[in-house]
Each structure stands twice: as structure tokens, then as C-alpha cells.
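Worksheet: the structure to be examined is printed underneath.
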Amino acid sequence: MEDKNDLMEKIVSLCKRRGFIYQGSEIYGGLAGTWDYGPLGVALKNNIKNLWWRMFVDGRDDMYGIDAAILMHPKVWEASGHVSGFSDPLGNTRFNLMFETKVGTGEEATKSYLRPETAGGIFVNFKNIVDSFHPKLPFGVGQIGKAFRNEIAPRDFVFRTREFEQMEIEYFIRDSEWEKSFEEWRTEVCRFNDAVGITKKSVHELEVPDSERAHYSKRTIDFEFDFPFGRKELYGLAYRTDFDLSAHERASTVELKYQDPETNEKFTPHVIEPSFGVDRTVLAVLISAHTEDELGGEKRTYLKLKPAIAPVKAAVFPLLKNKPELVGKAREVYAALKKEIPQIVWDDNGNIGKRYRRQDEIGTPWCITIDFDTLTDDTVTVRDRDTGEQQRMPTVELSSLILKKLSVIV
Numbered sequence: 308m309e310d311k312n313d314l315m316e317k318i319v320s321l322c323k324r325r326g327f328i329y330q331g332s333e334i335y336g337g338l339a340g341t342w343d344y345g346p347l348g349v350a351l352k353n354n355i356k357n358l359w360w361r362m363f364v365d366g367r368d369d370m371y372g373i374d375a376a377i378l379m380h381p382k383v384w385e386a387s388g389h390v391s392g393f394s395d396p397l398g399n400t401r402f403n404l405m406f407e408t409k410v411g412t413g414e415e416a417t418k419s420y421l422r423p424e425t426a427g428g429i430f431v432n433f434k435n436i437v438d439s440f441h442p443k444l445p446f447g448v449g450q451i452g453k454a455f456r457n458e459i460a461p462r463d464f465v466f467r468t469r470e471f472e473q474m475e476i477e478y479f480i481r482d483s484e485w486e487k488s489f490e491e492w493r494t495e496v497c498r499f500n501d502a503v504g505i506t507k508k509s510v511h512e513l514e515v516p517d518s519e520r521a522h523y524s525k526r527t528i529d530f531e532f533d534f535p536f537g538r539k540e541l542y543g544l545a546y547r548t549d550f551d552l553s554a555h556e557r558a559s560t561v562e563l564k565y566q567d568p569e570t571n572e573k574f575t576p577h578v579i580e581p582s583f584g585v586d587r588t589v590l591a592v593l594i595s596a597h598t599e600d601e602l603g604g605e606k607r608t609y610l611k612l613k614p615a616i617a618p619v620k621a622a623v624f625p626l627l628k629n630k631p632e633l634v635g636k637a638r639e640v641y642a643a644l645k646k647e648i649p650q651i652v653w654d655d656n657g658n659i660g661k662r663y664r665r666q667d668e669i670g671t672p673w674c675i676t677i678d679f680d681t682l683t684d685d686t687v688t689v690r691d692r693d694t695g696e697q698q699r700m701p702t703v704e705l706s707s708l709i710l711k712k713l714s715v716i717v
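Add 307 to a position in the sequence shown, counting from 1, and you land on the number used in the numbering used here.
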């Protein structure tokens with residue numbers, strides 16, 4: 308069995324070496340709790356976010372997307388309880404985790420905060436969504452965005468950081484329907500795990516006890532993942548009751564109720580909140596995908612990523628880079644594919660074996676080799692990452708093959 312510390316070191320090393328994730332401000336010695344996503348890392352992260360958006364916003368008729376500002380009126384965080392209660396113990400005092408900043412200049416400057424979560428931006432826009440779109444309950448609002456917490460001890464790579472990204476939904480319901488809705492979103496969280504390729508047996512549901520739940524929650528389930536550094540929270544699912552809308556209505560004095568279009572009944576909706584951390588998803592995906600095996604008598608390491616989230620979908624090679632006729636044909640195939648599938652790369656560095664290993668390590672599902680037979684019959688060799696098996700197929704069928712496999716969502 309692989310040593311867990313060893314696995315974490317391998318993940319961090321691969322991320323640095325292959326351009327997934329770098330230490331923030333590295334040339335100045337780094338800044339604790341900050342990480343920069345390199346070319347492959349940002350592609351992986353964007354693919355995860357795009358899949359989430361497709362599943363939970365574009366793929367549903369009852370969802371609306373927003374992108375709220377990071378800076379908000381300070382009273383937002385007073386009403387939500389973050390100013391008084393969002394803290395960790397530090398010695399004999401409580402240390403508030405929000406980053407303070409100033410809005411304006413000189414004596415006119417007012418204290419504000421970098422948002423510690425994205426949910427606040429959804430709640431303060433509840434009335435705007437209702438007034439603009441007149442949705443029928445139940446409906447949800449989804450957002451992907453940055454959040455900031457002045458963590459006392461950031462640690463475990465991108466698991467606990469001071470700047471991170473969240474994918475959150477506030478799903479507005481009648482209070483009588485909360486249990487049914489809660490179970491539906493519980494299923495949806497599991498479906499997303501499957502879609503991004505997080506190992507099922509490594510995910511565990513923890514019913515959070517009363518004493519440990521957030522002040523706004525009546526019920527919370529934490530979806531925990533077996534990280535190499537221990538079983539830790541990956542996602543959360545909370546029943547927030549009507550706490551948030553009621554609190555913001557009191558603080559702002561603006562009515563935040565929903566009026567039933569059929570009965571004209573006015574009431575404050577309750578909320579189910581599925582919350583997903585982007586960075587923790589990236590880490591769980593990398594850990595789930597990291598695979599070591601033996602192929603052709605040689606040991607290899609590869610990322611067994613789902614094609615839908617792999618940063619590179621396919622790599623195109625000329626068999627030999629010193630043969631102009633092969634390079635020319637390979638460039639032609641590459642250019643045609645790139646028009647339809649942007650995440651295609653060109654690779655002619657080193658021999659064919661080294662190219663395969665390099666692409667395996669970054670999780671590229673397919674490698675396409677243009678050889679001398681291609682020049683006569685217009686077929687290419689397509690190699691599968693997981694099995695190493697190769698098949699010949701006409702170049703005209705390449706894009707349809709890849710697009711078909713990329714369209715599959717669990």
C-alpha cells in the first residue's frame with residue numbers, strides 16, 4: 308500500500324513539474340496559503356467549473372446564474388453574522404477570519420471586507436432575481452467565485468488556503484419541502500462526484516451534530532474525502548432555513564419575501580445550500596486520478612482523468628520530427644482538430660515513448676500519431692491512455708470520436 312505522505316509529495320511534485328499548480332510568489336520565497344494555477348491547472352479547474360455550471364445551471368430549468376461583486380456593503384456581513392461570529396481561537400482571543408480593507412480614500416474611507424463566502428452575494432440579489440425573472444418556487448441561484456479567509460494556519464497544499472474559489476447554490480423552497488429537496492441535492496452532489504471522477508469509496512457522508520453546525524443551519528451533511536493527510540471536508544450540504552433572507556430583510560429594511568403568483572400568499576422562502584470548493588475538488592480529482600502501473604514492461608505514472616475534465620483532450624504527434632512530409636501532415640491533422648476541440652496539443656519533443664509517458668502523466672486521454680501509412684491511406688494511430696492499446700482509424704473520424712466521448716456526463 309502506498310504511503311500517504313509519499314502520495315501527497317508525488318502529487319505536489321507532479322503539479323509543479325508539469326505546470327498544474329505553483330507556489331504563489333515563488334521567486335520571492337512564496338506567500339503561505341496562496342497558490343498559482345499554471346497552464347494545465349487552470350485548464351483542469353476551468354473544465355471542472357464548466358461541468359458544474361453545465362450540470363447545475365445550464366442543464367436545469369429552475370436555476371439562475373449570477374456573478375456578484377467581491378466587495379460588498381459591510382452591513383451584509385454584519386447581518387449574516389460573520390462580523391460577530393466568523394472567528395477562530397488564537398491564544399485567549401477570538402481571531403476574525405475576514406480580510407479587512409478600505410473603500411474610498413482618506414477620512415472618507417470606510418471599512419469593508421473581502422467576502423469570506425459567495426453565498427452572501429446570492430442572498431442580497433434574491434429580490435433582483437425575483438423581480439427580473441418572476442421564477443416559481445422551487446428555484447435556485449448558482450455562482451462560482453473567489454472567497455477569502457485569513458486562515459491562521461493554511462496547510463495541506465490547496466486544501467486550506469487564504470484565497471480560494473467556491474461553486475455554490477442557494478435553492479429556495481417552501482419550508483414544508485425542505486426534507487424532500489435536501490435529499491434531491493444529496494443525490495446531485497454524489498452525481499457531480501461521479502462526473503468529475505472522484506473515487507466513490509473515498510467519499511463519506513458525515514451528519515454534522517447540533518453542537519458543530521453553523522449558526523444558520525438546521526441540518527448539515529459534510530461530504531468528506533480520504534485525503535492523504537486525513538479524512539477532511541470536501542463539500543457541504545446545509546439546510547439554512549430562512550435565516551439569511553430574514554436577517555437581510557431586518558438589516559436592510561427591504562422586503563425579501565416571495566409572493567405566490569397563484570394564491571398571492573407572501574412568505575420568506577427557506578434554503579438548501581450545496582457548497583462545492585473548486586480547489587478541494589481539483590485536489591480530490593488529482594488524488595483519485597493518480598495511478599501507477601506497468602505498461603510494456605516499464606513502470607509508469609499517469610492521471611486517469613475523466614476526458615470531460617482532462618486539461619488536454621488529445622495530443623498529435625508526427626512519428627518522426629525530422630521528416631517534413633510527416634510533420635506537414637501532422638500539422639494539418641492538428642489544425643483541423645484544434646478548430647473543433649480547442650484543448651488539443653502538438654508534441655514532437657523526444658521519441659514516441661517519451662511523448663506517451665509525458666502525455667500519460669498529465670492525463671491526456673488519447674495520443675494521435677501520424678506515420679508513413681497516413682500519407683498513403685489517410686489513417687492514423689490512436690492510443691488509449693489507460694490501456695495503452697492502439698487502433699487505426701481514418702482522420703476524418705477523429706473529431707467525432709473525441710467529441711462523443713467528451714459529451715458523456717454521469
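Each residue gets a CB set at the ideal place from its N, CA and C atoms; glycine is no exception.
task: Using a threshold of 8 Å, state whether the C-beta atoms of Val-364 and Val-503 are closer than that.
output: Residue 364 sits at position 57 when you count from the first residue of the sequence shown. Residue 503 sits at position 196 when you count from the first residue of the sequence shown. No, these two residues do not count as a Cβ contact at 8 Å.
query: What alpha helix (DSSP H) runs, 4 residues minimum, are completely inside the region 573-597?
result: 585-596
query: In chain order, which continuous runs of the alpha helix (DSSP H) of length 4 or greater are located wholly inside the region 349-413?
result: 381-387, 389-392
- prompt: Are there 16 or more other CB atoms within 10 angstroms of the CB of Lys-636, so buried, or fewer, so exposed?
  reply: By one-based count along the sequence shown, residue 636 stands at place 329. Buried, because 16 or more other Cβ atoms sit within 10 Å of the Cβ of Lys-636.
message: So if DSSP puts Ser-419 in a beta bridge, which residue, or which two residues, is it bridged to?
response: Taking the first residue of the sequence shown as 1, we reach residue 419 at position 112. Per DSSP, the beta bridge partners of Ser-419 are Thr-408.
query: Should Val-703 be labelled buried (16 or more other beta-carbon atoms within 10 Å of its own) or exposed?
result: In the sequence shown, the residue the question calls residue 703 occupies position 396. Classification for Val-703: exposed.
- request: Measuring alpha carbon to alpha carbon, tell me which of Ile-528, Glu-415, Trp-673 ends up nearest Val-510.
  value: Indexing the sequence shown from 1 puts residue 510 at position 203. Minimum Cα distance to Val-510 is reached at Ile-528.
query: Roughly how many angstroms separate the alpha carbons of His-522 and Thr-608, rounded to a whole number?
result: Reading the sequence shown from its first residue, position 215 is the one you call residue 522. Reading the sequence shown from its first residue, position 301 is the one you call residue 608. Whole-angstrom Cα-Cα distance: 45 Å.
- prompt: Expressed to the nearest angstrom, what Euclidean distance is found between the alpha-carbon atoms of Val-717 and Trp-360?
  reply: The residue you call residue 717 lines up with position 410 of the sequence shown. The residue you call residue 360 lines up with position 53 of the sequence shown. Its pLDDT being 44, under 50, Val-717 is placed unreliably by the model, and nothing is read from it.
task: Report whether the distance from the Cβ of Asp-501 to the nearest heavy atom of the ligand NAP is below 7 Å.
output: Annotation note on the ligand NAP: not contained in the displayed structure, which lists no ligands.
query: With which residues is His-511 paired in a DSSP beta bridge?
result: Taking the sequence shown and counting its residues from 1, the one referred to as residue 511 is at position 204. In the DSSP output, where bridge partners are listed per residue, His-511 has Glu-531.
message: I believe Leu-552 touches Pro-614 by the beta-carbon criterion, under 8 Å. Please report the beta-carbon distance rounded to the nearest angstrom.
response: Locating residue 552 in the sequence shown gives position 245, where the first residue counts as 1. Locating residue 614 in the sequence shown gives position 307, where the first residue counts as 1. 40 Å between Cβ atoms; not a contact.
field: Exposure of Ile-334, with buried meaning 16 or more beta-carbon neighbours within 10 Å
entry: Here residue 334 refers to the residue found at position 27 when the sequence shown is read from its first residue. Classification of Ile-334: exposed, given that the 10 Å Cβ count is below 16.
task: Would you kindly check if the distance between the Cβ of Ile-436 and the Cβ of Pro-442 is under 8 Å?
output: Counting from one through the sequence shown, the residue named residue 442 turns up at place 135. Counting from one through the sequence shown, the residue named residue 436 turns up at place 129. The answer is yes: Cβ separation under 8 Å.
- prompt: In chain order, which alpha helix (DSSP H) runs of at least 4 residues are fully inside the region 589-655?
  reply: Entirely contained in the region 589-655, the alpha helix (DSSP H) runs reaching 4 residues are, in chain order, 631-647.
query: So which of Thr-412, Gln-450, Val-390, Gly-603 has the shortest CA-CA distance to Glu-580?
result: Here residue 580 is taken as the residue at index 273 of the sequence shown, counted from 1. Of Thr-412, Gln-450, Val-390, Gly-603, the residue nearest in Cα terms is Gln-450.
message: Restricting to Cα atoms, I'd like to know which of Leu-705, Thr-560, Ser-595 is closest to Asp-685.
response: Translated into positions along the sequence shown, residue 685 becomes position 378. Closest by alpha carbon: Leu-705.
message: On the CB-based measure, 16 or more other CB atoms within 10 Å of its CB, does Trp-492 come out buried or exposed?
response: Position 185 of the sequence shown holds residue 492. Under this definition Trp-492 is a buried residue.
- prompt: For Arg-467, which of helix, strand or coil comes out of DSSP?
  reply: Residue 467 sits at position 160 when you count from the first residue of the sequence shown. Three-state DSSP puts Arg-467 in a strand.
- request: Following the continuous beta strand (DSSP E) through Glu-540, name the residue where it begins and the one where it ends.
  value: Counting from 1 along the sequence shown, the entry for residue 540 is found at position 233. Note, Glu-540: beta strand (DSSP E), 537-548.
- request: Mark Pro-516 as exposed unless 16 or more other C-beta atoms lie within 10 angstroms of its C-beta, in which case mark it buried.
  value: Locating residue 516 in the sequence shown gives position 209, counting from the first residue. Burial call: exposed.
field: Gly-428 versus Lys-382, Cys-497, Asn-629, residue with shortest Cα-Cα distance
entry: By 1-based counting over the sequence shown, the position of residue 428 is 121. The candidate whose alpha carbon is nearest that of Gly-428 is Lys-382.
- request: Taking Gly-447 as the reference, give the member of Ser-524, Gly-603, Ala-426, Asn-457 with the closest Cα.
  value: Residue mapping note: residue 447 aligns to position 140 of the sequence shown, counting from 1. When each option's Cα is compared against that of Gly-447, the closest is Ala-426.
message: With DSSP as the reference, identify every bridge partner of Thr-686, one or two as the case may be.
response: Residue mapping note: residue 686 aligns to position 379 of the sequence shown, counting from 1. For Thr-686, which the question treats as bridged, DSSP gives the partners Pro-701.
field: Cut-off 6 Å between Cβ atoms - residues of its own chain near Phe-536, not counting five sequence neighbours on either side
entry: Sequence index remark: in the sequence shown, residue 536 carries index 229 (1-based). Closer than 6 Å at Cβ, skipping near neighbours: Asp-463.
- prompt: Hey, is the region 397-417 in contact with the region 565-579, meaning 3+ C-beta pairs nearer than 8 Å?
  reply: no
query: In the structure shown, what three-state DSSP assignment does Thr-676 receive?
result: What you label residue 676 is simply residue 369 of the sequence shown in a count that begins at 1. Residue state, collapsed to three classes: strand.
message: Can you check which of these residues, Lys-418, Tyr-371, Lys-352, Leu-358, is closest to Trp-384 by C-alpha distance?
response: Taking the first residue of the sequence shown as 1, we reach residue 384 at position 77. It is Lys-418 whose Cα lies nearest to the Cα of Trp-384.
message: For Val-496, report the span of its alpha helix (DSSP H) as first-last.
response: Indexing the sequence shown from 1 puts residue 496 at position 189. Taken as a continuous stretch (DSSP letters only), the alpha helix (DSSP H) holding Val-496 covers 485-503.
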